[in-house]
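Undergrad: So for the first sequence, our numbering puts the first residue at 77; every next one is plus one.
Think of the CB as a built atom: it goes at the ideal place given N, C-alpha and C, for glycine as much as any other residue.
The structure is given below, and queries will be raised subsequently.
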Amino acid sequence: MKYQAPKGVKEYLPPASAQFERVRDALLAPARLANYQLMELAIFEETEVFTRGVGESTDVVSKEMYTFTDRADRSLTLRPEGTAGVMRAVIESGMDRGQLPVKVFYNGPFFRAERPQAGRYRQFYQVGIEAIGSDNPLVDVEVISIATEGFANLGLRGFKLVVNSLGDFKSRNAYRLELSKFLSTLDLDEATRERARINPLRILDDKRPEMISALAKAPNVLDSLNPQSREDFSKVQQGLDALGIAYEIDPRLVRGLDYYTKTTFEFIHPQLGAQSGIGGGGRYDGLMESLGGQPLSGIGFGIGIDRVMLACQAEGIDISEEIPLACFIIPLAREWEFEAFRIGAELRSAGLRIDFAFGDRSLKGAMKAADKSGATFAFVLGERESQSGTVELKELGTGQVQSVRLADLATLLGNAVKRSKGN
RNA sequence: GUGGGCGUAGCUCAGCUGGUAGAGCAUCCGGUUGUGGUCCGGAAUGUCGCGGGUUCGAGCCCCGUCGCUCACCCCA
77 MKYQAPKGVK EYLPPASAQF ERVRDALLAP ARLANYQLME LAIFEETEVF
127 TRGVGESTDV VSKEMYTFTD RADRSLTLRP EGTAGVMRAV IESGMDRGQL
177 PVKVFYNGPF FRAERPQAGR YRQFYQVGIE AIGSDNPLVD VEVISIATEG
227 FANLGLRGFK LVVNSLGDFK SRNAYRLELS KFLSTLDLDE ATRERARINP
277 LRILDDKRPE MISALAKAPN VLDSLNPQSR EDFSKVQQGL DALGIAYEID
327 PRLVRGLDYY TKTTFEFIHP QLGAQSGIGG GGRYDGLMES LGGQPLSGIG
377 FGIGIDRVML ACQAEGIDIS EEIPLACFII PLAREWEFEA FRIGAELRSA
427 GLRIDFAFGD RSLKGAMKAA DKSGATFAFV LGERESQSGT VELKELGTGQ
477 VQSVRLADLA TLLGNAVKRS KGN
C-alpha cells in the first residue's frame, strides 16, 4: 500500500458515508425550519481572520492551525472553526447593514493540526449556525433548541446540555480580575501559570483532579454577573424551561475560544471517551467589530458530525440508509444491454433507485450480485422479454415471481417502495 | 509536543518455549438447458510495516524507523 490519506484525516466511504449524510441532514433540518439559510464558505481564509477572530492566545490559533503561503506570498489558513469565516463573509457582503438578525447555517470540513485520537481528527466535519445582530436572550434559546432538535431527529438521548454565562464585557472583565487575584494565591506549575497570565478564564476548564480541588474555592462567575447579564441569563434559563429542554448549569464552563461572552453551552456525551463534547457554542459580543464590521452581538453553535456519529453508535442507534434499491436489472447478454439500460433510465426518471448487472458474468453471478445489492426486485432481460414486452419480476425477499408488462413496471415498483416505507 | 498499546492475505485475526505462514469472512469459478440466498467443490491473494542486528535458522529475540491507535494538553 503506497498512498494513504494524510494523518488524522477522517474520510467516510460506503456504507458509512450514507450514515454521514443522514446525520448531517438530521442536524441541519431544524435550522432550515427556523429560517436559517445556507452559507457555503471559503475553506481557507487570510490567516488574520482567525488570529484576530479566534484570538492569538487560544490553542487553536497558537498551535493547531494549518497555515501556508500562496504563490503571491499571502498567508492563508485552512479554517479551524466556522464562526470567524461567517463573520468575515457577513461583513464582506454587507449583510450586517441589512435586516437583523442574520440567521445562517453552514457545514463542511474543518482542520486542526492536533494529535489525532478517538473522536478527534485533523480534518473533521461540523454543522453550525449563527444568529447575528440581536441581543435578545430568546435567540440564545432558539440556537440551543435547534441543536437539541437535531439530536432528537436522530433519537439521541444520552447527552447532556451544560450552560453557563460569562457575563457581558464589563462583567467578564471584572470577574477576570477577581479570578486572577485568586489564581495568584495558588501554587501553579509553569505551563498553567502561563495560561493563567494569557487568559485566566481558561484555567477553570482544567480537568486534572488536583486542579479541580485547588479551584474549589475559586470565585464563581455567576456571582459576579452584573444586573443586565444576570437578567439575560435568567431569561435564557426560562426559555429553555419553557421548551422543556433539560440542562445543567456549570459555572466552570468557559470554552477555549476567546470571543465568548454571556451564554456559553456545550453538549456532552459521556459514552464517548476522552473527546466527549459533541457540540457547543455561545454568544460573542466583540467579534464582529474586531473583524471590522458593525458592533453586533451574535450567537451560534458548532456540532461535530464525526462525534455525533460515534454517539449514535454508542447508543446503538440505527442510522443506516432507509431508501431501498427498488430493482436490479440483468441483461442476459451483451446484446440486451442497451434495451435494459433504456428501461432502467425510464424507471430512474420515475424516481426509482435502479442498478444493473454490469460486466460479463454468468446469470448465477448476476443474481448473486442482485441479492447482495439489497434490491427489492430483480428481473432478467433477454430475447423472450424483449419479444413479449413482459418480464418475470422476482421479489428477492420471498422468491416470488410475477409476470409484469414493461409498461406497468414503474407503477408496480413505485407502489412496492411506498408500501415498504409505510412499514 | 509527551506517554502507553499495536503493525501477519481485501477485512477480522491465529501462529505454543525461534525451524522458511494458516483460519473465518469477503472475492471469483463450478455443482449441465434463462434466475440469487442455504449447502457442496474449487481458485486466487502475503517481500509477516520497513531497515539493520543476534542465530545454522526470525513472523516470533534486540535496536532503529515509519505507520496506526488510545491517552495527556485542548477542542467538534
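Would residue 136 and residue 333 qualify as a contact pair, given that the criterion is a beta-carbon distance under 8 Å?
TA: Here residue 136 refers to the residue found at position 60 when the first sequence is read from its first residue. Here residue 333 refers to the residue found at position 257 when the first sequence is read from its first residue. Yes. Within cutoff.
Undergrad: Beta-carbon within less than 8 Å of residue 114's beta-carbon, same chain only, minus the 5 sequence neighbours each way: which residues are those?
TA: Taking the first residue of the first sequence as 1, we reach residue 114 at position 38. Excluding residues within five positions, the ones whose Cβ falls inside 8 Å are 180, 181 and 182.
Undergrad: Since residue 355 sits in a beta bridge, which residues does DSSP pair it with?
TA: Taking the first residue of the first sequence as 1, we reach residue 355 at position 279. According to DSSP, which records beta bridges pairwise, residue 355 is partnered with 343 and 379.
Undergrad: Note down the Cα distance separating residue 493 from residue 481, rounded to an integer number of angstroms.
TA: Sequence index remark: in the first sequence, residue 493 carries index 417 (1-based). Sequence index remark: in the first sequence, residue 481 carries index 405 (1-based). C-alpha separation (whole angstroms): 18 Å.
Undergrad: Excluding the five sequence neighbours on either side, which residues of its own chain have a C-beta within less than 8 Å of the C-beta of residue 427, listed in chain order?
TA: Here residue 427 corresponds to residue number 351 of the first sequence, with the count starting at 1. So the qualifying residues of the chain are 490.
Undergrad: With 16 other CB atoms within 10 Å as the buried threshold, where does residue 440 fall?
TA: On the first sequence, residue 440 is found 364 positions in, with the first residue counted as 1. Exposed, because fewer than 16 other Cβ atoms sit within 10 Å of the Cβ of residue 440.
Undergrad: What's the C-alpha gap between residue 275 and residue 243?
TA: If you number the first sequence from 1, residue 275 lands on position 199. If you number the first sequence from 1, residue 243 lands on position 167. Each residue's Cα considered, the two are about 16 Å apart.
Undergrad: Please report the straight-line C-alpha distance between residue 139 and residue 235, rounded to a whole angstrom.
TA: For the purposes of this step, residue 139 is taken as the residue at position 63 of the first sequence. For the purposes of this step, residue 235 is taken as the residue at position 159 of the first sequence. Near 30 Å, if we compare the C-alpha coordinates of residue 235 and residue 139.
Undergrad: For the beta strand (DSSP E) that contains residue 104, what are its first and last residues?
TA: By one-based count along the first sequence, residue 104 stands at place 28. Per DSSP, residue 104 belongs to no beta strand (DSSP E); it is in the alpha helix (DSSP H), 92-109.
Undergrad: Leaving out five residues on either side along the sequence, give the residues of the same chain with a beta carbon under 8 Å from the beta carbon of residue 219.
TA: The residue given as residue 219 occupies position 143 in the first sequence. The beta carbon of residue 219 sits closer than 8 Å to those of 205, 207, 357, 375, 376 and 377, all from its chain and outside the five residues before and after it, given in chain order.
Undergrad: Check whether the region 152-159 and the region 116-135 touch, using three or more Cβ-Cβ pairs below 8 Å as the test.
TA: yes
Undergrad: When you compare the CB positions of residue 431 and residue 449, do they come within less than 8 Å of one another, or not?
TA: Position 355 of the first sequence, counted from the first residue, corresponds to residue 431. Position 373 of the first sequence, counted from the first residue, corresponds to residue 449. Yes.
Undergrad: Report all residues from its chain with a CB closer than 6 Å to the CB of residue 225; omit the five preceding and five following residues, and keep chain order.
TA: The residue labelled residue 225 in the question sits at position 149 within the first sequence. These residues qualify, in order along the chain: 106.
Undergrad: Per DSSP, what are the beta-bridge partners of residue 336 in this structure?
TA: Translated into positions along the first sequence, residue 336 becomes position 260. When DSSP reads this structure, residue 336 sits in a beta bridge with 360.
Undergrad: As a quick exercise: from 98, 367 and 385, pick the residue whose alpha carbon is nearest that of residue 167.
TA: Within the first sequence, the letter at position 91 stands for residue 167. That would be 367, whose Cα lies nearest to the Cα of residue 167.
Undergrad: Starting from the C-beta of residue 142, find all residues in its chain whose C-beta is less than 6 Å away, skip the five residues before and the five after it, and write them out in chain order.
TA: Translated into positions along the first sequence, residue 142 becomes position 66. Around residue 142: 154, 187 and 189.
Undergrad: For residue 112 and residue 78, what's the separation of their Cα atoms in angstroms?
TA: For the purposes of this step, residue 112 is taken as residue 36 along the first sequence, with counting starting at 1. For the purposes of this step, residue 78 is taken as residue 2 along the first sequence, with counting starting at 1. So the alpha carbons of these two residues sit roughly 44 Å apart.
Undergrad: On a Cα-Cα basis, can you pick out the residue from 164, 90, 434 and 266 that is closest to residue 409?
TA: On the first sequence, residue 409 is found 333 positions in, with the first residue counted as 1. Closest option to residue 409, Cα to Cα, is 434.
Undergrad: If we ignore side chains and look at the alpha-carbon of each, how far apart do residue 475 and residue 445 end up?
TA: For this step, residue 475 is matched to residue 399 along the first sequence. For this step, residue 445 is matched to residue 369 along the first sequence. Going from the Cα of residue 475 to the Cα of residue 445 covers about 15 Å.
Undergrad: Fully enclosed by the region 401-446, which alpha helix (DSSP H) runs are 4 residues long or longer?
TA: 413-425
Undergrad: Report the residue ranges of all alpha helix (DSSP H) runs contained in full by the region 273-308; include only those spanning at least 4 residues, in chain order.
TA: 285-290
Undergrad: Would DSSP call residue 234 helix, strand or coil?
TA: By one-based count along the first sequence, residue 234 stands at place 158. DSSP places residue 234 in coil when its eight states are reduced to three.
Undergrad: Can you give me the C-alpha to C-alpha distance between residue 485 and residue 465, rounded to a whole angstrom?
TA: The residue given as residue 485 occupies position 409 in the first sequence. The residue given as residue 465 occupies position 389 in the first sequence. If you take the alpha carbons of residue 485 and residue 465, they lie about 11 Å apart.
Undergrad: Roughly how many angstroms separate the alpha carbons of residue 175 and residue 211, rounded to a whole number?
TA: The residue given as residue 175 occupies position 99 in the first sequence. The residue given as residue 211 occupies position 135 in the first sequence. Near 14 Å, if we compare the C-alpha coordinates of residue 211 and residue 175.
Undergrad: How long is the line joining the alpha carbons of residue 298 and residue 263, rounded to whole angstroms?
TA: Taking the first residue of the first sequence as position 1, residue 298 is located at position 222. Taking the first residue of the first sequence as position 1, residue 263 is located at position 187. Cα to Cα, residue 298 sits roughly 25 Å from residue 263.
Undergrad: In terms of residues, what are the limits of the alpha helix (DSSP H) holding residue 136?
TA: One-based indexing of the first sequence puts residue 136 at position 60. Element bounds for residue 136: 135-139.
Undergrad: Considering only DSSP beta bridges, list what residue 207 is partnered with.
TA: Numbered from 1 along the first sequence, position 131 holds the residue referred to as residue 207. Residue 207 pairs with 179 and 375.
Undergrad: Taking C-alpha atoms, which residue in 245, 148, 147 and 240 lies nearest to residue 371?
TA: Working through the first sequence from its first residue, we reach residue 371 at position 295. Considering only alpha carbons, the answer is 245.
Undergrad: Enumerated in chain order, which unbroken segments of the alpha helix (DSSP H) with a length of 4 residues or greater are wholly contained in the region 445-493?
TA: 459-464
Undergrad: Give every residue of the same chain whose Cβ lies closer than 7 Å to the Cβ of residue 420, excluding the five residues on either side of it in the sequence, and list them in chain order.
TA: Counting from one through the first sequence, the residue named residue 420 turns up at place 344. 405, 430 and 432, listed in sequence order.
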